[in-house]
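S.K.: Protein chains in written order, with this note's numbering: chain A, 105 to 430; chain B, 2 to 336.
In structure tokens form, the structure reads like this:
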């Protein structure tokens, strides 16, 4: 049935909790209130306060206790209310969750999914708009998942919960209500580490992840009317990374535009670009192009400034067109 | 905040019969002897790093023995040699960790020594950033509570760690949810070189419990019986569903922070000499002798046994293989 991205999150959590009693959810306002975005609405009523709990406003505690609960046999799916507020928990995520399997020589594992809404365009200003994936994609031991569509939300969230290792599951706030799509009722899994060609094309490849995949698809549609054929590759997970799919599309079209909402310098687009430069340079017909948020500390509040920050379909269209004509 | 009774008045808790008292003393002496051997190997160039628990043995063994090693979980910190020995980790395993051998159960030689972890002994892996394990213990207790299991978790840490945000977040979370977890501070008065007076504006870590509405108990951490009894009460309380407790075990630090530190550079010589006089080992031995459960012959036999076991552990570890370089990339993710 057709549903929003947000409904896909909620219904997947519900479906997974019905089949696996080890899953617990907690975080700030996730209980009675059902989350500030309503991602967990109705879940406490269905599963009880033991499995859907409001927690104190303390992110390190949310993640740190979830690590302990995971080690002791549960499948915690804690929510960080906004990705911007994840930083007090960074020590627990990077130094603990991500390193526990390695540092214990494989004798302990942390099956944990941290959900966090990221991204801007919703008048959230500096501290309710950030894209944080690059900080975490750097960390071996973690997985970083960034779905673009309701269909992918369901398959990737179920896979993340089933995974034996810690997963950071980043949901774009702008997508929550604006992106709709068909989602089958039955359970299905999308493997972590498999990119998806969301649109095939021959002139230019756009490589993206998360919300900007949707913006890229809009740009591709506009360019099709101008006889420019654009392929859109959705990475879906940036760690693990589907290197084969990246190189395949780069070799196919010879022109690559990497798009992300996070700011440019040190962004994950640099990693994608480097991989192509290392392994497919002589298949390219133009320099790799990156289109990203500007190098300012974070997204401002005033609509004029916010709009100027965002990587819009129009900006993507212009950059892809320039590349096509190179 | 409560204070435990003075040791002279103390009779052993009902759970501590003669054999258990002797076992307690054995673990304390073994912890000391292994620790001393670690320093010998360090100074001899065979162990690059040592971090010590000398002076903490009564606190560590006394508290660990009050848990049930068949169902409870411990999250120790890097001084807790006595804790892990009392929970079943063997001297051979300790020495394989010191010398970073492939069969080190904590990490297969990946972590620095004394970063304990032992899946089979219910000792949860720890790291170097302090106080993170306080939250893990609360989470372990949360899982037990959700499943209705009779498991108590414990987190061990120094008083320096009680200044970390994770200490506050962990005690707060655990007290809100009345989790079966015990927070055990081994308070030796120094965070490397920084004395208690420069770490906090109060003299008692136990006083901090009031902020969470949970019991905070100051205990003479040089008296294993007092420690055992205080821990037993806290564990019983947790098993009854009455929530967490904070224990403030006052101990002495008889060695420098680590093999890379020299405490003579920041602690007055007379203080160090005075602390040496408060060594918990001879004190407990005297008490056992006064109770008629220990004598000179037993002391001599124990010394010989410990010597043999420490020698065996050392030889075993020295003969054990180092990790193969080809395993560097293993265990980043589940297979």
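Where a beta carbon is used, it is the ideal one built from N, C-alpha and C, also for glycine.
Would you list, in chain order, the members of the segment 203-228 of chain A that have their beta-carbon closer than 8 Å to a beta-carbon of chain B?
M.R.: So the close ones are 203, 204, 205, 206, 207, 208, 209, 210, 211, 212 and 213.
S.K.: Report yes or no: do the segment 319-338 of chain A and the segment 382-390 of chain A share at least 3 C-beta pairs separated by less than 8 Å?
M.R.: No, the segment 319-338 of chain A is not in contact with the segment 382-390 of chain A.
S.K.: Please classify residue 377/A: is it buried, with 16 or more other beta-carbons within 10 angstroms of its beta-carbon, or exposed?
M.R.: Buried, by the Cβ-count rule.
S.K.: If you draw a straight line from the alpha carbon of residue 137/B to that of residue 170/A, how long is it in whole angstroms?
M.R.: When rounded, the distance between both Cα atoms is 7 Å.
S.K.: So with Cβ pairs under 8 Å, would you call residue 234/A a contact of chain B?
M.R.: Not closer than 8 Å to any Cβ of chain B, the Cβ of residue 234/A fails to qualify, so no.
S.K.: Taking a contact to mean a Cβ-Cβ separation below 8 Å, would you say residue 402/A touches residue 230/A in this structure?
M.R.: Cβ distance < 8 Å, so residue 402/A and residue 230/A count as in contact.
S.K.: Quick check: is the beta carbon of residue 196/A nearer than 8 Å to any beta carbon in chain C?
M.R.: Annotation note: the requested chain C is absent from the structure, which comprises protein chains A and B.
S.K.: Can you tell me whether residue 1/B is helix, strand or coil according to DSSP?
M.R.: Given that chain B is displayed from residue 2 to residue 336, the structure contains no residue 1/B and the question cannot be resolved.
S.K.: Hey, is residue 347/A's beta-carbon within less than 8 Å of any beta-carbon in chain B?
M.R.: No, no contact with chain B.
S.K.: Whose C-beta lies closer than 8 Å to the C-beta of residue 163/A among residues of the same chain, with five residues either side of it excluded?
M.R.: The residues are 184, 189, 190, 191, 192 and 193.
S.K.: Taking the alpha-carbon positions, what's the residue 51/B to residue 259/B distance?
M.R.: Residue 51/B and residue 259/B: Cα-Cα distance of roughly 6 Å.
S.K.: Provide the residue span of the beta strand (DSSP E) that contains residue 141/B, from first to last.
M.R.: Looking at the DSSP string, residue 141/B is not in any beta strand (DSSP E); the run it does join, the alpha helix (DSSP H), is 133-148.
S.K.: In angstroms with no decimal places, state the Cα-to-Cα distance between residue 274/B and residue 254/B.
M.R.: Residue 274/B and residue 254/B: Cα-Cα distance of roughly 11 Å.
S.K.: Counting Cβ pairs, one atom from each stretch, are 3 or more of them under 8 Å apart for the segment 117-127 of chain A and the segment 269-287 of chain A?
M.R.: Because the criterion of three Cβ pairs below 8 Å is not met, the segment 117-127 of chain A and the segment 269-287 of chain A do not touch.
S.K.: Would you call the segment 223-238 of chain B and the segment 51-65 of chain B touching, i.e. three or more CB-CB distances under 8 Å?
M.R.: As far as the Cβ criterion goes, the segment 223-238 of chain B touches the segment 51-65 of chain B, which means the pair count is three or higher.
S.K.: List the residues of chain B that residue 244/A touches, going by C-beta distances under 7 Å, in chain order.
M.R.: Within chain B, the residues near residue 244/A are 333.
S.K.: Between the beta-carbon of residue 424/A and the beta-carbon of residue 361/A, is there less than 8 Å?
M.R.: Yes, these two residues count as a Cβ contact at 8 Å.
S.K.: DSSP three-state call for residue 107/A: helix, strand or coil?
M.R.: Looking at residue 107/A - three-state DSSP - the assignment turns out to be strand.
S.K.: Just tell me which of 56/B, 102/B, 95/B and 21/B has its CA closest to the CA of residue 33/B.
M.R.: Nearest of 56/B, 102/B, 95/B and 21/B to residue 33/B, Cα basis: 56/B.
S.K.: Drop a sphere of 10 angstroms on the beta-carbon of residue 136/A, count the other beta-carbons inside from all chains shown, and report buried for 16 or more, exposed for fewer.
M.R.: The residue is exposed, with fewer than 16 neighbouring Cβ atoms inside 10 Å.
S.K.: With a threshold of 8 Å on Cβ separation, who are the neighbours of residue 355/A within its own chain once the five nearest residues in sequence on each side are excluded?
M.R.: These residues qualify, in order along the chain: 384 and 387.
S.K.: State buried or exposed for residue 96/B, treating a residue as buried only when at least 16 other CB atoms are found within 10 Å of its CB.
M.R.: It counts as buried.
S.K.: Our contact map puts residue 365/B next to residue 175/B with C-beta atoms below 8 Å; I'd like the distance itself, whole angstroms only.
M.R.: Lying before the first or after the last residue shown, residue 365/B is absent from chain B, which here runs from 2 to 336.
S.K.: If I follow the unbroken alpha helix (DSSP H) through residue 350/A, where does it start and stop?
M.R.: 347-357 is the extent of the alpha helix (DSSP H) around residue 350/A.
S.K.: Note the first and the last residue of the continuous beta strand (DSSP E) segment covering residue 284/A.
M.R.: Segment 284-286, the beta strand (DSSP E) holding residue 284/A.
S.K.: Is residue 173/B close to chain A? Criterion is C-beta to C-beta, closer than 8 Å.
M.R.: Answer yes: the Cβ-Cβ gap between residue 173/B and chain A drops below 8 Å somewhere.
S.K.: Could you list which residues in chain B have their beta carbon closer than 8 Å to that of residue 295/A, in chain order?
M.R.: Simply none; closest approach about 13 Å.
S.K.: With DSSP run on the structure shown, which of helix, strand or coil describes residue 394/A?
M.R.: Strand.
S.K.: So, at 8 Å on beta carbons, what are the nonlocal neighbours of residue 313/B in its own chain, with the 5 sequence-adjacent residues on each side left out?
M.R.: Correct list, in chain order: 92 and 93.
S.K.: Can you name, in chain order, every residue of its own chain whose Cβ lies under 8 Å from the Cβ of residue 141/A, other than the five neighbours on each side?
M.R.: Answer for residue 141/A: 110, 221, 277 and 280, listed in chain order.
S.K.: Cβ atoms of residue 363/A and residue 338/A: under 8 Å apart, would you say?
M.R.: Taking 8 Å as the Cβ cut-off, residue 338/A and residue 363/A do not qualify as a contacting pair.
S.K.: Examine chain B for any beta-carbon lying closer than 8 Å to the beta-carbon of residue 199/A, and answer yes or no.
M.R.: Yes, residue 199/A lies at the interface with chain B (some Cβ there is under 8 Å from its Cβ).
S.K.: With a Cβ-Cβ cutoff of 8 Å, do residue 122/B and residue 88/B count as a contact?
M.R.: Yes. Within cutoff.
S.K.: What residue ranges within the segment 188-257 of chain B form continuous beta strand (DSSP E) runs of no fewer than 3 residues, ordered along the chain?
M.R.: List check, beta strand (DSSP E) in window: 217-221 and 246-251.
S.K.: For chain A, check one thing: does any of its Cβ atoms lie closer than 8 Å to the Cβ of residue 167/B?
M.R.: Yes, its Cβ sits closer than 8 Å to a Cβ of chain A.
S.K.: Along the segment 136-152 of chain B, what residues have a CB closer than 7 Å to any CB found in chain A?
M.R.: Within the segment 136-152 of chain B, the qualifying residues are 136, 137, 138, 139, 140, 141, 143, 144, 145 and 147.
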